[in-house]
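Visitor:
In the working numbering, the protein residues as written are 4 to 208.
#1: According to DSSP, simplified to helix, strand and coil, what is residue 22?
#2: Tell me whether residue 113 is buried or exposed, calling it buried when 16 or more other Cβ atoms sit within 10 Å of its Cβ.
#3: Can you check which of these residues, 52, 162 and 60, is closest to residue 119 by C-alpha distance?
#4: Three-state secondary structure (DSSP) at residue 197?
#5: When you compare each of 132, 5 and 140 to residue 157 by their alpha carbons, which one comes out closest?
#6: Which first and last residues belong to the alpha helix (DSSP H) in which residue 121 is found?
#7: With a Cβ-Cβ cutoff of 8 Å, do residue 2 and residue 13 count as a contact?
#8: Using the rule of at least 16 other Cβ atoms within 10 Å of the residue's Cβ for burial, across every protein chain shown, is residue 73 buried or exposed?
#9: Considering only the alpha carbon of each residue, which of 16, 20 and 33 lies closest to residue 173?
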């Protein structure tokens with residue numbers, strides 16, 4: 004994988020991880036309730052679930068490339084459209100991020116198990132990865148090394164971002180849960196997603 008392609012993916016993966024979702028809510032909630040150190044178990048759980056999705060998506064894309072170049076190209080364009088659609092939905096999203104402090108304590112094992120289930124049962128992760136991965140894969144090159152680089156990069160970046168959210172929540176929980184702040188964040192990420200989709204479409208024109 005070329006360095007400039009990988010760097011472009013890094014930027015996109017950071018955006019993917021920063022965008023508010025169920026994993027973000029889980030990280031913030033645990034940060035508020037248990038602090039950063041104990042919440043490390045939940046962050047690890049989120050990455051286990053994410054890694055499972057990456058394996059599924061990677062295997063499917065690898066098989067697709069091997070069987071049909073046309074189908075692979077079609078998936079790439081569907082991915083572009085999805086990114087733009089996702090940006091529009093995020094821009095219009097007025098929901099707040101509900102992260103409440105829990106009154107009951109949970110063990111580190113329980114936090115890890117719950118986090119794994121949160122990502123495993125989140126189909127949006129699979130859909131997003133299916134839309135994202137083909138944009139950065141060269142079908143003329145070996146698939147496994149490229150998918151491995153993308154997968155490891157995704158897990159590493161998401162780990163760092165979730166750790167940041169957890170730490171921030173333990174210090175600034177009230178600010179994180181502000182409806183006004185979340186509205187602005189949604190618009191920022193909505194615009195970024197639409198911009199990514201438009202740039203990818205232009206690059207393929």
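Every residue, glycine too, gets a C-beta built ideally from N, C-alpha and C.
Being a predicted model, the structure only gives us computed values, none of them experimental.
Guide: Looking at the coordinates:
#1: Looking up residue 22 in the chain shown gives position 19. Residue 22 falls in the coil class under three-state DSSP.
#2: By 1-based counting over the chain shown, the position of residue 113 is 110. Residue 113 is exposed by the Cβ-count criterion.
#3: Taking the chain shown and counting its residues from 1, the one referred to as residue 119 is at position 116. The shortest C-alpha separation from residue 119 is found at 52.
#4: Position 194 of the chain shown holds residue 197. Reduced to three states, the DSSP call for residue 197 is helix.
#5: Here the question's residue 157 lines up with position 154 in the chain shown. Considering only alpha carbons, the answer is 132.
#6: As a first step, residue 121 must be located in the chain shown, where it is residue number 118. Its alpha helix (DSSP H) spans residues 111–123.
#7: This structure cannot speak to residue 2, because the chain is shown only from 4 to 208.
#8: Looking up residue 73 in the chain shown gives position 70. Classification of residue 73: exposed, given that the 10 Å Cβ count is below 16.
#9: Position 170 of the chain shown, counted from the start, is the residue given in the question as residue 173. Here the closest residue by C-alpha is 33.
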